[in-house]
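Scroll down for the structure; my scribbles are underneath it.
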Amino acid sequence: MALTQNRTNKQKIDDSLFVPLDKHSAELDVMVRPSLGFWQDAWKRLLKNKLAVSGLFLIVLLTIMAIIGPWLTPYTYSEQTLSNQNMGPSSEHWFGTDNLGRDMFTRTWYGARISLFIGFSAALIEFIIGVIYGGISGYKGGRTDNILMRIIDILYGLPYLLVVILLMVVMGPGLFTIIIALTLTGWIGMARIVRGQVLQLKTNEYVLASKVLGANTSRIIRKHLLPNTMGPVIVSMTLTVPGAIFAEAFLSFLGLGVSAPIASWGSMANDALGVLNTGYWWRLFFPAFFISLTMLAFNVFGDGLRDALDPKLRR
Amino acid sequence: MLKYIFKRFLWMILTIWIIVTLTFFLMHAIPGDPLDVADVGSSDAASANLAAYYNLDQSLPMQYVTYLKNVATFDFGPSMTSRSRTVNDMLESGFPASLQLGLATLFFSVISGVALGVFAALRHNRMIDYVTMILAVIGISIPNFIQSMLFINYIAVNIEFFPIARWGTYRHVILPAIALASGPMAIIARLTRSNMLEVLTQDYIRTAKAKGLSARKIVVKHALRNALLPVVTIMGALTAAVLTGSFVVERIFAIPGIGQYFVSSISNRDYPMIMATTVIYSSILVVMMFIVDILYGFIDPRIKLHAKED
């Protein structure tokens, strides 16, 4: 105040004192950094993480091999050649053969199909159920939330592999039984994450602003709540895949997985248990190696994704 | 506080009851007659006698009521595969081995997981940190049944450093416990590490340093206590992982525990045995989660237990 009074006393302010800006100075406003959306930013950060990128690369490679692998050999996964029992890896049978003379290379990649199919579909189904259940629970809140969460508490109390095993007994073994059994309890984690996120997000100002502007519930959920929960949800999906692959291998190992001629990494490892000490190392090595490699790839990629999507680490 | 524990306790009983009910009706939804599998004489009188012996002559609701009464008194009835033994006999013979293995696994995974996590955090971005985290990822990635097979083949058979299978001395516990524990251990190590890293940047750690406390005291008294909180939360889930993992590890190492009975009871359709193991395992899990919940309030006074009531 004092300063302006001083000025008015000394000289009168008129238009001649003002100089119009040069046009180029308006360009000072130009962003130093290119404007990036949340996903572009996350993607850039992910690419900097060498481990995560190699994980992603491995996942893509394993998926491609699962698709084309069984076609690279003249054998099928169930073709038995009893004269070729337990042959070591050679130019004819790249991964050797098993005790029924079946080609291990074909069986390994056929098993990859089963494992990846179960992993991906379990993740997808859990995503759908979890987002709907958790979304309703978090958005409605109050009584609805309370009831839905109590149901989750009960389901969580059941040891999940026990449910899976019981269901396999009731429904009979098979690919879809495994997927149903895995997702029956698997969506709980996803629903909890979504609920927590929605509970937190729905009190934000921009949601209120949207409501004031007359947006209906479905628009708020679609436009504001869901896109903002996607980060943790995608990370959880990535980590669901190795869990499902492990569960399938575990069930097949117990003899509760896919039925006999169909190859699965778990059942191949189980078959190798009997010949562990006979020097047929390839019988265990290939299924064991690829289960571990797949789980490693997904875990490493999921970790990298979590780091990339975590806003706390944003610079 | 007491009110909350009581409420939580009632909830625990309710959960166990629902699990018992679910298991009961799931079991009876399985197609096929259990007495067929038990493979007994074909005479009608014998079948009727057997049906009466296993309570299968009653109506389903009546069977359910009888079953609930029996479970409440920990009587799981006669086994269907082993004619002379009851399920309780089999559980009693299997329980000690399973309990020893489970406790050894939990003990090993918590102690070494926390220790690795703390060391990795204190040497952040140095050799030991990287080595620990690589070990952790490997521990998560190699399934426990594959670890068991590798251990048997390379440590027990080739080097003969540990006994191959069976049960008895403490040396028998080590290999299966490590195979079962490495997954949970890796998860605990990673969790402890990331929590420690976060806690170590807090102001009260700087205060403790400024007061001139020794590094050891800072870690044990101030950092670790706060970093362990999330580890306590996942103990319930880890118990579940150890329980289910024990099915397969017990099978590979030929350990005479409950897990073995469970696996064989499924293929033998031994209903009383399946139900008994399900009920016992879920009860252990539910009780564990109850303990974790209560413990949580004691460890962290900031969490007011009664606040959760509404």
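Quick mapping for you: the protein sequence lines, in order, are chains A and B.
Sequential numbering of the first sequence, starting at 1, is according to the UniProt record's numbering.
Sequential numbering of the second sequence, starting at 1, is according to the UniProt record's numbering.
A virtual CB, placed ideally from N, CA and C, is assigned to each residue, including glycine.
Just the C-alpha distance for residue i and residue j, rounded to the nearest angstrom, thanks.
i        : j        : result
B/Asp75  : B/Met273 : 11 Å
A/Leu58  : B/Leu285 : 36 Å
A/Arg113 : A/Met190 : 25 Å
A/Arg150 : B/Gly259 : 29 Å
A/Ser54  : B/Tyr67  : 54 Å
A/Ala269 : B/Met235 : 29 Å
B/Thr105 : A/Trp71  : 43 Å
B/Ile155 : B/Val110 : 24 Å
A/Leu36  : B/Ala97  : 58 Å
A/Tyr77  : A/Thr108 : 9 Å
B/Gln63  : B/Ser79  : 16 Å
B/Ala181 : B/Arg85  : 33 Å
B/His28  : B/Val20  : 12 Å
B/Ala240 : B/Ser265 : 20 Å
A/Asn204 : A/Leu226 : 14 Å
B/Pro230 : B/Ala52  : 51 Å
B/Thr278 : B/Leu91  : 12 Å
B/Lys221 : B/Ser214 : 10 Å
B/Asp310 : A/Ala66  : In this predicted model, B/Asp310 has a pLDDT of only 36, less than 50, meaning its place in the structure is not dependable enough to derive any value.
A/Ala215 : A/Trp39  : 25 Å
A/Ala247 : A/Thr144 : 32 Å
A/Tyr156 : B/Leu10  : 17 Å
A/Asp307 : A/Phe301 : 10 Å
B/Gln147 : B/Thr169 : 21 Å
B/Phe25  : B/Leu60  : 9 Å
Rounded to whole angstroms, how far is the Cβ of residue i from the Cβ of residue j, which I believe are closer than 8 Å?
i                      : j        : result
B/Val232               : B/Tyr296 : 6 Å
B/Gly257               : B/Gly117 : 29 Å between Cβ atoms; not a contact.
B/Phe290               : B/Met12  : 5 Å
B/Ala223               : B/Ile205 : 6 Å
A/Phe95                : A/Phe286 : 5 Å
B/Val249               : B/Ala179 : 6 Å
A/Asp103               : A/Arg283 : With 8 Å as the limit, A/Asp103 and A/Arg283 do not qualify as a contact, their Cβ atoms being about 13 Å apart.
B/Thr15                : A/Ile154 : 5 Å
A/Leu273               : B/Ile252 : 7 Å
B/Leu101               : B/Ala48  : Not confirmed; about 42 Å, so no contact.
A/Thr183               : A/Glu126 : 5 Å
A/Ile245               : A/Ile179 : In fact, because the Cβ distance is near 12 Å, the residues do not count as touching under 8 Å.
A/Thr217               : A/Phe298 : With 8 Å as the limit, A/Thr217 and A/Phe298 do not qualify as a contact, their Cβ atoms being about 35 Å apart.
residue 321 of chain A : A/Leu309 : This structure leaves residue 321 of chain A out entirely; chain A is present only between 1 and 315.
Run through DSSP, which three-state label would residue i get?
i                      : result
A/Pro74                : coil
A/Pro227               : helix
B/Thr15                : helix
B/Thr86                : strand
B/Pro256               : coil
B/Pro143               : coil
B/Pro96                : helix
B/Pro78                : strand
A/Pro173               : coil
B/Leu191               : helix
A/Asp14                : coil
B/Leu228               : coil
A/Met1                 : Because the pLDDT at A/Met1 is just 46, under 50, the model does not fix this residue reliably, and the value given afterwards should be weighed accordingly. Coil at A/Met1, not helix or strand.
B/Val286               : helix
residue 368 of chain A : No information on residue 368 of chain A is available, as it lies outside the stretch 1 to 315 that chain A covers here.
B/Gly113               : helix
residue 312 of chain B : Limits of chain B in this structure are 1 at one end and 310 at the other, which puts residue 312 of chain B out of reach.
B/Val279               : helix
A/Ile180               : helix
B/Asp270               : coil
A/Lys44                : helix
B/Gly297               : helix
For this session: Pick out the complete alpha helix (DSSP H) segments inside the region 83-163 of chain A, 4 residues or longer, and give them in chain order.
Result: 104-140 and 142-157
For this session: Tell me, please, whether the region 224-234 of chain A touches the region 246-261 of chain A by the rule of three or more beta-carbon pairs shorter than 8 Å.
Result: no
Exercise. Are there three or more Cβ pairs, one per stretch, closer than 8 Å when the region 176-194 of chain B is compared with the region 108-124 of chain B?
Worked result: yes
Problem set entry | Contact between the region 148-156 of chain B and the region 200-219 of chain B (3+ Cβ pairs under 8 Å) | no
Exercise. What residue ranges within the region 218-294 of chain A form continuous alpha helix (DSSP H) runs of no fewer than 4 residues, ordered along the chain?
Worked result: The qualifying runs are 226-253 and 265-273.
For this session: Determine, using beta-carbon pairs with one atom in the region 199-211 of chain A and one in the region 171-191 of chain A, whether at least three such pairs fall under 8 Å.
Result: Pairwise C-beta distances place the region 199-211 of chain A out of contact with the region 171-191 of chain A, as fewer than three of them are shorter than 8 Å.
For this session: May I ask you to verify whether the region 134-150 of chain A touches the region 195-209 of chain A, counting CB pairs closer than 8 Å and requiring at least 3?
Result: Three or more Cβ pairs closer than 8 Å define a contact, and the region 134-150 of chain A meets that threshold against the region 195-209 of chain A.
Exercise. Is it true that the region 213-229 of chain A meets the region 163-175 of chain A, where meeting means three or more beta-carbon pairs spaced less than 8 Å apart?
Worked result: The region 213-229 of chain A makes no contact with the region 163-175 of chain A, as fewer than three CB pairs between them are under 8 Å.
Problem set entry | Completely contained alpha helix (DSSP H) runs for the region 193-220 of chain B, where each covers 4 or more residues | With a minimum length of 4 residues, the continuous alpha helix (DSSP H) runs that stay inside the region 193-220 of chain B are 203-210.
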